[in-house]
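Working notes, beginning with the structure itself.
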Amino acid sequence: MAPVSPGEEMYALVERLYPLCRSITGDGVRATLDVVGDHLPLDVHEVPTGTQVLDWTVPQEWNIRDAYIADASGRRVVDFAESSLHVLGYSVPVSATLPLSELRAHLHTLPEHPSWVPYRTSYYRPDWGFCLAQETLDAMPDGLYEVRIDSTLADGHLTYAEHVVPGQVADEVIVSAHVCHPSLANDNLAGIAVATFLARALAERTPWYTYRFLFAPGTIGAITWLARNAERVRRGAVRHGLVLACAGDRGQLTYKRSRRGDAGIDRVLRHVLDTSERPYRITEFTPYGYDERQFCSPGFDLGVGSLSRTPYAGYPEYHTSADDLDFVSPEAMADTLAVCREAFSVLDRDRRYVNLSPYGEPQLGRRGLYDALGGRSDAKQAQLALLWVLNLSDGEHGLLDIAERSGLPFDTVAAAADALCDAGLIKA
Amino acid sequence: MAPVSPGEEMYALVERLYPLCRSITGDGVRATLDVVGDHLPLDVHEVPTGTQVLDWTVPQEWNIRDAYIADASGRRVVDFAESSLHVLGYSVPVSATLPLSELRAHLHTLPEHPSWVPYRTSYYRPDWGFCLAQETLDAMPDGLYEVRIDSTLADGHLTYAEHVVPGQVADEVIVSAHVCHPSLANDNLAGIAVATFLARALAERTPWYTYRFLFAPGTIGAITWLARNAERVRRGAVRHGLVLACAGDRGQLTYKRSRRGDAGIDRVLRHVLDTSERPYRITEFTPYGYDERQFCSPGFDLGVGSLSRTPYAGYPEYHTSADDLDFVSPEAMADTLAVCREAFSVLDRDRRYVNLSPYGEPQLGRRGLYDALGGRSDAKQAQLALLWVLNLSDGEHGLLDIAERSGLPFDTVAAAADALCDAGLIKA
Amino acid sequence: MAPVSPGEEMYALVERLYPLCRSITGDGVRATLDVVGDHLPLDVHEVPTGTQVLDWTVPQEWNIRDAYIADASGRRVVDFAESSLHVLGYSVPVSATLPLSELRAHLHTLPEHPSWVPYRTSYYRPDWGFCLAQETLDAMPDGLYEVRIDSTLADGHLTYAEHVVPGQVADEVIVSAHVCHPSLANDNLAGIAVATFLARALAERTPWYTYRFLFAPGTIGAITWLARNAERVRRGAVRHGLVLACAGDRGQLTYKRSRRGDAGIDRVLRHVLDTSERPYRITEFTPYGYDERQFCSPGFDLGVGSLSRTPYAGYPEYHTSADDLDFVSPEAMADTLAVCREAFSVLDRDRRYVNLSPYGEPQLGRRGLYDALGGRSDAKQAQLALLWVLNLSDGEHGLLDIAERSGLPFDTVAAAADALCDAGLIKA
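Chains as they are written, first to last, in the UniProt record's numbering: chain A, 1 to 428; chain B, 1 to 428; chain C, 1 to 428.
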């Protein structure tokens, strides 16, 4: 069997997840987590309908078996079996025959993109509806239509899953991807895939931080997790975090800062993107977007940013049937994964050291740390890194500070810190 | 009677005030306050000569009835009756016949603008003199001239006035305009007119702050007011302030920051000017200019800025007879007034709120605050404003902070705060 | 005798010092300090070999009488008598006859500059070697060569010197120049010369600070001085400092900031360079360069910057025989000296005052401090300076702050402060 690249593996995962009809609750979420579970052991949590979670209440569980609009001849002109997008999410069951004039109030189209089907939901207001292409609607003659939505809204559970990569310390980094969107590849199957393979990559070697991956429905899932972990979070258990969304399109990477704006994750992503050859964009926090909204609510105010390629609502295909399997690419997902790995590699090593010989420079030559042949003007980066780490290791500067102030690569600075630690000249 | 615009009303007030001979004391100030009093009830204060006010002493009161230079034929070549500018302010009385060669030491002209009469004073050094056009001087043949200044310098009073618009809180905003300049339209009759109509506009609806308008002679008037209110001011009674000067010329608006540089008034004016379509200029504080010098002296260090059109000494007509009724316009004064109203409207509403549901987002949909139909990418500004106010209402950000950080109009942010307050989600 | 300019005097000093063979210890340093001592009384310190100084140990003393490579005919093809650069600094004694093939490992050249001789040392690793022009090496036929280095490495002393210009306060400013480089004119004979004449200039009038000049070998000398003054330094005795190096080439001035980045010396040099007509460069601190490395180590973290013309390793002639007497100029050294004098003149006068009449402006006219003739729009700089000093003398702003914020020349601000002090309106 030919080896497959991480990009291809992630793409294959997206392909498997694509047909499933996900929503904020229900069997589509469970099926999604089952597929992810083939790559990564998951702790799946089921939270009963009616549970109070912060200001919210876990809603009834929604499941759907079939839905269609059939014309007078019985032909299904809109059919849920063809695409999970065709039904307004959380539609209540309906079975009726209506003239088109009355049906129209329940039909959602995108006139500006007549061949695309929009994605619409009505989570907290009982409603039913169909989403279809404007072209389809235009081709529907007046007359009676049979509409049927075979769904159930009933007490049940909200489902989410966690996967933990244990680290050397209990301080946590959370990585979150929402799992509530139906057949939309970039939003957020690509994010799920990148998170899955990131977790696997981090486990290759015990990381410094403990990394907690969260696969949960948007908004209510993050709120549920925060409600169930509120005490732990308030005590500072979560040090950093990253929300992954829209991680697979061909656009350049976009990092959205945390509410704090200069949290550790913000500094790390800026550094990694800044020192890479990639084009990229960094945007300020806004309280709109994905689950960073919840993690960065003022009571928690976590250092959680969000990494996307083309961000939230930033492309015409967003929340339409055009966000399909062609819209994402293995290469783009591999690139997102690479930046995540690099960022967490920096985050994991960014620590403050204290120079144990802070008065004057310690004599590096006698410790074999420094070329003893003086007078040469071609100082090497590695030597410079030793001097920078010694000079700034005053307990107030971390290695990332030193990399940024010196202009040296983080890896060079981290290697210098290791060497100085080994020589007993600095300590963490 | 056809309705008149605020600009026309202000211009009419400037016309009435223009001929009066104002100085730092005397009946010209009283007459000026009488005219203002036709528009606005004033509390007029009379402070006796010799009163110690901070480092200064209230000077003798100066009044003048007549003054002229007459040539050998008895013809008045310079006549105070034609313009109050012709006499050096605070001239001691004189009655003499002098050759032109001796008289020259007492004559002030503007050689670079030969047809203009300069404005000069000698408040604290006994002196006398005449100000005249260079052309007039050039036309005066050698020979004897009769000079007469029928003035009095005698114990009396310094006069200033206050008008208070009561607010919902006792914290004060002071608005100050100097009333000591004679026939100079822009400096400062326009400022007096804008202050007068601003006071009337603020009273239309009880404002949040209490607004105190101060009509006082420059320097010594502000010092007198500060001396008489020093304890109150030191205790923090004055929260914000604005000095109005040169408020009527056709140049663009100029805001001069307070000594603090980032006081509330500085932030408000920057925001209002920044978000308007007007060209404008913001300049840093300098300890030169108008009465902001006194309000921003280091002992008081009040958050008082200054709003002008073309600022202090920034136009050739400054302190000359060319600063006349043609130099100011109703439109310019109306524009200055509009910016003041907008600024105080922002200042009045800029408060900090606390999110009472700070953990995660509160569920806006169930409170009717948010469109419950999810999945749409066309988030509206009003919804965004709700999220921004919730996210930043942590007790450390005011509504102006939120408007600036979100890029949303202040009015939108303030409306969101009102709605959230009504819903019990935030409190002031 | 025609008067000589300071530039010519400094150049003459560089000429006298040029032939001496300096190293980090030995008679070359002593001879150098003897020559400097002709201009400036010095306290010469001798620190025994083996003395522990911070993390270092004072090494054995190195002295050299003769060294050469002679060819088979006995002709000296490389001769220490011609240039002190020809011997690898701290070479151990050697007396041998070797084939060129074996000798090559001990020969240092600059292939990219075939006629220049490099400067090389091996202070802390026993070694021997010769430095020569690539051209010379290319002309040496294969065969046997006699090599002889008549040096001694033996217990002795490290030598450094101090000169103190007593000030009105005991707080010190240190000025340091390294004295360990052999026949290199810019690095650092020019620095030694500028330091010498700077000390003389400062003594013309008792300065505010006490100025301590340090002539010491690079690195180990500064470390030795810091070790012997560590308690004093830790207690804050040294308020400011400047390292002088590469002070005589024709390039523009370069100021390298202290580790703190905004220390007093940093602000003063920026101001002086900023307000002069000179081109200049200001660079951020790096822990590489001259003895600022030691003064700015994190334990001491002194406010010590470094002034050069073309900086450390910034020119091809650096650490080669091309850094000769032609490479430096009297004019360049005079210019460096002038900037140092101006900077210390500002540093010496930069104090915080407190306005004793901080409520409103004091009445300057009655104190004769202010032109009493009001109404003039041509406010003079001197009057403005009075107002600025009064306005900002709140105990938190120094005169340099005031000069920078007002945009007025420091001298004007300082003169205003003197006048206000004399008038009893401010006090230090």
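Where is the CB? At the ideal position from N, CA and C, for every residue including glycine.
May I have the straight-line CA-CA distance separating H240 of chain B from S5 of chain B, to the nearest angstrom?
Position 240 of the second sequence, counted from the first residue, corresponds to residue 240 of chain B. Position 5 of the second sequence, counted from the first residue, corresponds to residue 5 of chain B. The C-alpha of H240 of chain B lies about 29 Å from the C-alpha of S5 of chain B.
Below 6 Å CB to CB, which residues in the same chain sit around V44 of chain C once its five sequence neighbours on both sides are set aside?
Taking the first residue of the third sequence as position 1, residue 44 of chain C is located at position 44. Excluding sequence positions up to five before and after V44 of chain C, its CB lies within less than 6 Å of the CB of L33, A161, all in the same chain and listed in chain order.
Less than 8 Å between the C-beta atoms of L364 of chain A and V389 of chain A, yes or no?
Locating residue 364 of chain A in the first sequence gives position 364, counting from the first residue. Locating residue 389 of chain A in the first sequence gives position 389, counting from the first residue. The Cβ atoms of L364 of chain A and V389 of chain A do not sit closer than 8 Å to each other.
D394 of chain B CB to nearest chain A CB: under 8 Å?
Translated into the one-based positions of the second sequence, residue 394 of chain B becomes position 394. For D394 of chain B, the closest Cβ of chain A is nearer than 8 Å.
I believe T136 of chain C touches V164 of chain C by the beta-carbon criterion, under 8 Å. Please report the beta-carbon distance rounded to the nearest angstrom.
Within the third sequence, the letter at position 136 stands for residue 136 of chain C. Within the third sequence, the letter at position 164 stands for residue 164 of chain C. Rounded, the Cβ-Cβ distance is 45 Å, inconsistent with contact.
If you run the structure through DSSP and keep just helix, strand and coil, what is A121 of chain C?
Sequence index remark: in the third sequence, residue 121 of chain C carries index 121 (1-based). For clarity, residue 121 of chain C is Thr in the given sequence; the question names Ala instead. Judged by DSSP in its simplified three-state form, T121 of chain C adopts strand.
Compare the beta carbon distance of L98 of chain A and Y145 of chain A with 8 Å and say whether it is the shorter of the two.
Position 98 of the first sequence, counted from the first residue, corresponds to residue 98 of chain A. Position 145 of the first sequence, counted from the first residue, corresponds to residue 145 of chain A. It is a contact, given that the beta carbons lie within the stated cut-off.
Can you say whether S101 of chain B is buried or exposed, counting buried as having 16 or more other CB atoms within 10 angstroms of its CB?
Position 101 of the second sequence, counting from 1, holds the residue named residue 101 of chain B. Burial is judged here by how many other beta carbons sit within 10 angstroms of a residue's own beta carbon; S101 of chain B has fewer than 16 and is exposed.
State the Cα-Cα distance for the pair A154 of chain C and R76 of chain C, rounded to the nearest angstrom.
Working through the third sequence from its first residue, we reach residue 154 of chain C at position 154. Working through the third sequence from its first residue, we reach residue 76 of chain C at position 76. Those two C-alpha atoms are separated by around 27 Å.
Quick check: the region 165-177 of chain C against the region 120-130 of chain C, are there 3 or more CB pairs under 8 Å?
Segments in contact, no.
Nearest neighbour of L369 of chain B, chosen from B:N355, B:L387, B:V14 [CA to CA]
Taking the second sequence and counting its residues from 1, the one referred to as residue 369 of chain B is at position 369. Considering only alpha carbons, the answer is B:L387.
Give me the Cα-Cα distance between L214 of chain A and D127 of chain A, rounded to the nearest whole angstrom.
Along the first sequence, read from residue 1 onward, the residue named residue 214 of chain A stands at position 214. Along the first sequence, read from residue 1 onward, the residue named residue 127 of chain A stands at position 127. Looking at the two C-alpha atoms, the distance is approximately 30 Å.
Listed by chain order, chain C residues near F300 of chain B by CB distance under 7 Å:
Here residue 300 of chain B is taken as the residue at index 300 of the second sequence, counted from 1. Y359, listed in chain order.
Name the residue from A:V58, A:D71, A:V36, A:L302 whose alpha carbon lies nearest to the alpha carbon of R291 of chain A.
Your numbering for residue 291 of chain A matches position 291 in the first sequence. Correcting the residue identity first, residue 291 of chain A is Asp in this sequence and not Arg. Of the candidates A:V58, A:D71, A:V36, A:L302, the one whose C-alpha sits nearest the C-alpha of D291 of chain A is A:L302.
Taking 7 Å as the limit between beta carbons, can you name the residues of its chain near N63 of chain C, skipping five residues before and five after?
Counting from 1 along the third sequence, the entry for residue 63 of chain C is found at position 63. Spatial neighbours of N63 of chain C in its own chain (CB-CB distance under 7 Å, excluding positions within 5 residues in sequence) are listed in chain order as G26, D27, S151, T152.
Sequence ranges, beta strand (DSSP E) only - wholly within the region 316-368 of chain A, length at least 3
Uninterrupted beta strand (DSSP E) stretches at least 3 residues long and entirely within the region 316-368 of chain A occur at 352-355, given in chain order.
For A415 of chain C, tell me which candidate among C:Q383, C:A332, C:G395 has the shortest Cα-Cα distance.
The count along the third sequence starts at 1 and reaches residue 415 of chain C at position 415. Cα-wise, what sits closest to A415 of chain C is C:Q383.
Considering E404 of chain A, what are the terminal residues of the alpha helix (DSSP H) in which it resides?
Translated into positions along the first sequence, residue 404 of chain A becomes position 404. Unbroken alpha helix (DSSP H) run through E404 of chain A: 399-406.
Is the separation between the beta-carbon of L392 of chain A and that of H271 of chain A shorter than 8 Å?
In the first sequence, the residue the question calls residue 392 of chain A occupies position 392. In the first sequence, the residue the question calls residue 271 of chain A occupies position 271. Contact: no.
Would you verify that the beta carbon of Q294 of chain A is, or is not, closer than 8 Å to some beta carbon of chain B?
In the first sequence, residue 294 of chain A corresponds to position 294, counting from 1. Yes, because at least one Cβ of chain B sits closer than 8 Å to the Cβ of Q294 of chain A.
Neighbouring residues, chain B, relative to G365 of chain C (Cβ below 9 Å):
Your numbering for residue 365 of chain C matches position 365 in the third sequence. Chain B residues near G365 of chain C: Y123, Y124, R125.
Name the DSSP beta bridge partners of D394 of chain A, please?
Translated into positions along the first sequence, residue 394 of chain A becomes position 394. The partner list for D394 of chain A (beta bridge, DSSP) reads A:V354.
Checking the sheet assignment: what are the DSSP bridge partners for K427 of chain B?
Within the second sequence, numbered from 1, the residue matching residue 427 of chain B stands at position 427. DSSP, once it has assigned bridges, lists B:V354 as partnering K427 of chain B.
DSSP state of H157 of chain A, grouped into three classes?
As a working mapping, residue 157 of chain A is identified with position 157 in the first sequence. In this structure, DSSP gives H157 of chain A an extended state, which the three-state scheme calls strand.
For chain C, is any of its Cβ atoms less than 8 Å away from the one on W62 of chain B?
For the purposes of this step, residue 62 of chain B is identified with residue 62 of the second sequence, where counting begins at 1. It does not; no Cβ of chain C falls within 8 Å.
Rounded Cβ spacing between L189 of chain B and C131 of chain B (contact assumed at less than 8 Å):
Residue 189 of chain B sits at position 189 when you count from the first residue of the second sequence. Residue 131 of chain B sits at position 131 when you count from the first residue of the second sequence. That belief does not hold up - the Cβ atoms of L189 of chain B and C131 of chain B are roughly 19 Å apart, past 8 Å.
Neighbour list for A230 of chain A in chain B, Cβ cutoff strictly below 7 Å
Position 230 of the first sequence, counted from the start, is the residue given in the question as residue 230 of chain A. Listed by position along chain B, the residues whose Cβ is nearer than 7 Å to that of A230 of chain A are Y359.
Short CB-CB distance (under 8 Å) between L226 of chain A and chain D:
Going by chain labels, chain D is absent from the structure shown, which instead holds the protein chains A, B and C.
Separation of R205 of chain A from R341 of chain A, as counted between CA atoms:
Within the first sequence, residue 341 of chain A is the residue found at index 341, counting from 1. Within the first sequence, residue 205 of chain A is the residue found at index 205, counting from 1. Approximately 12 Å between the Cα atoms of the pair.
Closer than 7 Å: C131 of chain C CB and nearest the ligand NAD heavy atom:
Looking at this structure, you won't find the ligand NAD or any other ligand, since it has none at all.
Which residue wins for smallest C-alpha separation from L325 of chain A, given the options A:S258, A:T219, A:H157, A:A247?
Here residue 325 of chain A corresponds to residue number 325 of the first sequence, with the count starting at 1. Ranking the options by Cα distance to L325 of chain A, first place goes to A:A247.
Using DSSP with H/G/I as helix, E/B as strand and the rest coil, what is D79 of chain C?
As a first step, residue 79 of chain C is located in the third sequence; it is residue number 79 there, counting from the start. D79 of chain C sits in a strand when the DSSP states are folded into three classes.
In whole angstroms, what separates the C-alpha of R104 of chain B from that of A343 of chain B?
Locating residue 104 of chain B in the second sequence gives position 104, counting from the first residue. Locating residue 343 of chain B in the second sequence gives position 343, counting from the first residue. Spanning the two alpha carbons is a distance of roughly 49 Å.
Does the beta-carbon of V354 of chain B have 16 or more other beta-carbons within 10 angstroms, so that it is buried, or is it exposed?
Against the second sequence, residue 354 of chain B aligns to sequence position 354. So V354 of chain B counts as exposed.
What three-state label does DSSP hand N229 of chain B in the structure shown?
Within the second sequence, the letter at position 229 stands for residue 229 of chain B. Here N229 of chain B sits in coil by DSSP.
Just the chain C side, please: which residues come within less than 7 Å of residue 430 of chain A by C-beta, in chain order?
The structure shown does not extend to residue 430 of chain A, since chain A spans only 1 to 428, so no value can be given for it.
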